[in-house]
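Reviewing the structure listed below.
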Amino acid sequence: MICFHCHQEVTEQGRYQALVLGEQQAMCCPGCQAVAEAIVANGLEDYYKFRTEPAERADGMQSDILEKLKLFDQPELQEEFVLVKGKDSQVQLSLDGISCAACAWLIEKKLAKLPGIKQIAVNVSARRALVSWYPDQLALSGILAAIENIGYHAQPFHPKQQEEQFKKTEQSYLKRIGLSGLMTMQVMMIAIALYFGLFGNLDDDIRQFMHWVSLTLSVPVVLYSGAIFYQGAWRALRSGSVNMDVPISVAIWALFIASAKATIIAEGEVFFESVCMFIFLLLISRFLEHKSRHKAAQISANMSKYIPVTATLLENGQATDILAKLLRVDQLVLVKAGETIPVDGVVIEGSSHVDESMLTGEFEPVNKKAGDEVFGGALNQSGSLTIKVLRPLKEAMVSQILRLQDEALLNKPAIAQLADRISSYFVVAVLVVSALTFWYWHAQGNVDAFWITASVLVATCPCALGLATPSALTCAMARLNRQGILLKRADLLESLTGINMLAFDKTGTLTEGKFSIQQVVNLSTLPEHQVLEIAAALEKHSEHPLAKAFNAYQVEPATQVEIIAGLGLCGDVNGVHYQLGSSHLIKHEIPTALQECNVLLADKQQVLAGFVLTDQVRSDALNMLSDLKGYERCIISGDSQHNVEKIAAQLQITKMYSQCRPEQKLKTVKTLQEQGHQVLMVGDGINDTPVLAAAQVSVAVGGATDLAKNAADIILINPTLTLLPELFKMAQRTKQKIMQNMGWALGYNVLVLPLAVSGYLTPWLGVIGMSLSSIIVVANSVRLLKAES
């Protein structure tokens with residue numbers, strides 16, 4: 003049998019395999035297997051179809067693979083998984099080998115030292131890293147090699163590969179738990195028999211034989227089942243730091259070596275049962291944490307299953323099936339009834355009902371017809387649609403949501419940073435206290451000084467403290483994501499708890515944004531229909547909700563149109579230059595007859611006409627404000643005072659600011675902040691962009707412009723305002739859970755430390771307490787995934 007990758011002989015059949023072209027192919031070594039899997043994972047399987055010569059044999063080290071093939075540094079390959087943002091790039095990596103928050107801290111610390119790294123954040127729950135770096139200073143292969151050098155394995159994220167990695171890790175845990183559990187039972191039976199004399203009056207030779215049997219049974223537990231803790235400790239020490247695996251490893255080997263020595267020289271006590279039980283219970287604790295993290299990650303990444311794989315391309319009258327990721331802007335795609343829409347686009351032909359619940363959480367199908375925008379991942383339920391591609395798959399909304407979800411963990415809340423610092427200091431403190439404990443009891447001549455020290459190491463390991471914050475944040479963000487709320491930063495949950503002022507834009511936020519022309523006041527000599535056509539020609543170039551009120555009118559061609567954010571538009575229609583917008587845009591004196599008009603039309607000589615446009619309050623606005631009655635609220639709008647007062651009266655809001663240009667909105671929010679208010683700003687338009695960026699927390703509602711979404715901290719994918727109370731509730735619940743977790747973790751360690759130092763706690767009791775402490779913290783955080791806690 004030959005290697006599918008390099009065509010060299012396979013000496014160990016069945017050991018190394020890779021799924022290539024739909025079949026399991028034999029590989030000769032782990033190097034060829036790694037390269038083949040990387041090629042498949044990154045959509046380059048066609049290489050094996052068209053190659054004329056076998057590849058060179060790959061070495062087993064990832065750094066050598068990258069050096070030989072430079073696979074991940076190829077621009078064509080990076081186009082699929084690397085997002086370019088100006089001078090820097092961003093990539094999402096799958097990580098193998100991380101087991102706790104300390105591993106994430108270690109990777110972040112190591113990579114942060116590399117020249118060219120802009121930002122690095124590791125999500126322990128999802129086992130992924132989000133890395134921003136400067137390609138002109140550092141190659142992607144260099145980042146992967148750096149992670150490899152500290153004992154972890156990383157490669158560009160692929161959803162299927164990530165799920166396989168979870169399963170692989172789960173199987174590894176089960177094997178280690180199974181072995182340690184089986185051996186622990188045997189060693190415990192021997193220990194109990196020896197302790198209680200169940201074998202009668204044993205000769206010293208028989209007793210010594212039982213000790214040797216216990217030693218033999220313990221060796222595989224210590225060397226194999228416990229290896230996961232030594233690997234973590236070694237990575238930390240090699241990087242010049244300590245983590246929670248360090249005291250665990252010290253305790254295991256100290257107990258084991260002392261017991262082995264007592265067995266060999268036939269003098270002293272043995273505690274093989276404590277070693278085996280310690281490892282067994284610790285593995286169960288880690289396994290339960292792994293399952294909990296996986297559950298949260300599955301919910302948090304629930305949109306990855308909606309990323310389309312294939313599409314039907316229409317080209318030269320022919321329909322061809324291609325990969326969705328290969329679609330380019332302006333290409334035409336056919337989507338039949340029952341198929342998933344492969345990419346964001348606009349309907350060119352056909353009509354259908356589309357299920358967009360994966361984006362909005364609303365299961366009511368949406369009617370789509372020619373001219374309507376559709377989103378990749380949505381389900382086409384009835385008729386066929388011909389769609390023109392608006393953006394490639396990696397920039398589609400479903401892909402943006404997944405990226406935002408991971409970017410949210412780039413900025414840790416202050417309480418999370420505090421927990422990280424406490425954990426690292428606490429590990430050092432545990433080692434120091436353990437050393438002092440041994441010195442004291444040894445000086446007192448206590449024969450159990452060693453075992454008392456081991457109890458301190460075991461019982462006070464701060465695993466629960468390290469899990470307190472990340473477990474709660476992951477579960478909270480997973481829950482919000484499931485509801486259709488996207489947070490760009492995890493620290494927003496902490497910021498939300500300090501908000502005391504809610505500021506709302508009016509149009510499209512508190513109102514439907516569906517305007518109709520209630521009145522036309524024409525002061526010119528032009529007929530009314532021509533005035534409307536001129537206005538419609540200019541408004542065609544605007545994304546503002548007001549523009550839709552003119553859609554019904556025949557459009558004259560407009561040229562040299564300039565959009566003035568927050569004020570209106572100007573441009574040429576039939577060779578005449580016009581201005582259309584608010585009174586702040588118009589340079590002429592506003593006639594009295596047009597004072598109530600919120601949109602004005604003027605040429606270079608005079609004001610020609612005015613339009614009174616009306617809007618309706620959103621049906622969910624009053625309920626939302628009722629649920630948030632404990633907060634001060636105000637309206638900051640660019641609309642006329644009359645219209646703002648009308649909406650404010652309906653919603654029972656007493657504080658309002660009208661006719662505000664973008665810079666005035668910004669000034670208003672800054673004034674509120676200077677008065678001591680912590681402001682949350684809710685908006686949707688281009689003119690809201692500056693004020694959204696200035697507020698302590700900003701929210702872009704469903705249907706907001708792209709600029710507003712970019713400026714906002716939080717995006718409501720589901721367009722309902724009732725999500726705002728849910729957002730505040732989750733922020734409060736998350737803060738409570740973090741405080742509960744940290745209180746329990748610190749309280750447990752403070753309580754158990756005196757018992758361990760004074761010798762009242764045996765090592766195996768200490769590991770039970772430490773494991774239960776971690777499990778309680780994780781279980782408490784997982785409750786955030788439920789509607790009520």
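Counting from 3, one number per residue, gives the positions in the sequence shown under the numbering used here.
The beta carbon of each residue, even a glycine, is placed where N, CA and C say it ideally should be.
Annotation for Phe289: Tyr175, Ile179 place their beta carbon closer than 7 Å to its own, counting only its chain and skipping 5 residues before and after. A straight line joining the alpha-carbon of Gly234 with that of Ser760 spans about 29 Å. By the Cβ test, the region 776-789 is in contact with the region 470-485, since at least three Cβ pairs between them sit closer than 8 Å.
Here Val614 really is in contact with Glu598; their C-beta atoms are around 6 Å apart, less than 8 Å. At a cut-off of 3 residues, the continuous stretches assigned as beta strand (DSSP E) that sit fully inside the region 421-509 are 487-489, 503-506. Check the Cα spacing between Cys636 and each of Ala505, Ser91, Val522, Lys648: the tightest is with Ala505. When the alpha-carbon of Asp90 is set against those of Ala114, Pro222, Gln157, Ile119, the nearest one is in Ile119. The distance from the Cβ of Asp686 to that of Val703 is about 5 Å, consistent with a contact at the 8 Å cut-off. Using a 10 angstroms sphere on the CB of Val376, the tally of other CB atoms reaches 16 or more, which defines it as buried. The way I'd put it, the region 678-685 does touch the region 494-501; three or more beta-carbon pairs between them come closer than 8 Å. DSSP places Ser642 outside any alpha helix (DSSP H), giving it a letter other than H or E. For Asn751, the enclosing alpha helix (DSSP H) has its first and last residue at 725-759. Comparing C-alpha distances from Pro158 to each of Lys169, Glu150, Leu146 shows the shortest one belongs to Leu146.
Taken through DSSP and simplified to helix, strand or coil, Ala604 comes out as strand.
Short of 6 Å from the beta carbon of Ser354, and not among the five residues preceding or following it, lie these beta carbons of its own chain, in chain order: Lys370, Asn382, Ser384, Gly385, Leu387. Cβ-Cβ distances below 7 Å link Met212 to Ile192, Leu196 in the same chain, with the five nearest sequence neighbours on each side left out; the list follows chain order. Just measuring C-alpha positions, the residue of Ser628, Gly570, Gly640 sitting nearest Gly510 is Gly640. Separation of Val533 and Val345 (C-alpha to C-alpha, rounded to the nearest whole angstrom) is 39 Å. In the DSSP secondary-structure assignment, Gln26 is bridged to Leu21. In the DSSP annotation of this structure, the continuous segment of the beta strand (DSSP E) that includes Tyr580 starts and ends at 578-583.
Collapsing the DSSP output to three states places Ala339 in coil.
Measuring C-alpha to C-alpha distances from Gln618 to each of Leu512, Tyr750, Met279, Glu564 identifies Leu512 as the nearest.
For the 8 Å CB-CB criterion, Val784 and Trp746 do not form a contact.
Here Ser518 is exposed: its Cβ has fewer than 16 other Cβ atoms, across all protein chains shown, within 10 Å.
Measuring C-alpha to C-alpha distances from Ala141 to each of Val93, Asp332, Ile208, Val124 identifies Val93 as the nearest.
Note that the C-beta distance between Val215 and Ile254 is not below 8 Å.
The region 643-663 and the region 728-747 do not touch, with fewer than 3 CB-CB distances between them shorter than 8 Å. Straight through space, the alpha carbons of Gly379 and Phe273 are spaced by roughly 58 Å. Between the C-alpha atoms of Leu181 and Ala623 there is a straight-line separation of about 59 Å. If you ignore the 5 residues before and after Asn782, its C-beta comes within less than 7 Å of the C-beta of Lys739, Gln742, Asn743, all in its own chain and listed in chain order.
Each residue's CA atom was taken as its position, placing Glu564 and Pro727 some 39 Å apart. Of the other Cβ atoms in all chains shown, fewer than 16 fall within 10 Å of the Cβ of His543; this residue is therefore exposed. The beta carbon of Ala560 sits closer than 8 Å to those of Ala539, Leu540, Lys542, His543, Gly573, Asp574, Val575, all from its chain and outside the five residues before and after it, given in chain order. The three-state secondary structure of Leu284, taken from DSSP, is helix. When the Cα atoms are used, Val609 and Ala551 turn out to be separated by approximately 20 Å.
For Trp441, the number of other beta carbons within 10 angstroms of its own is below 16, and it is reported as exposed.
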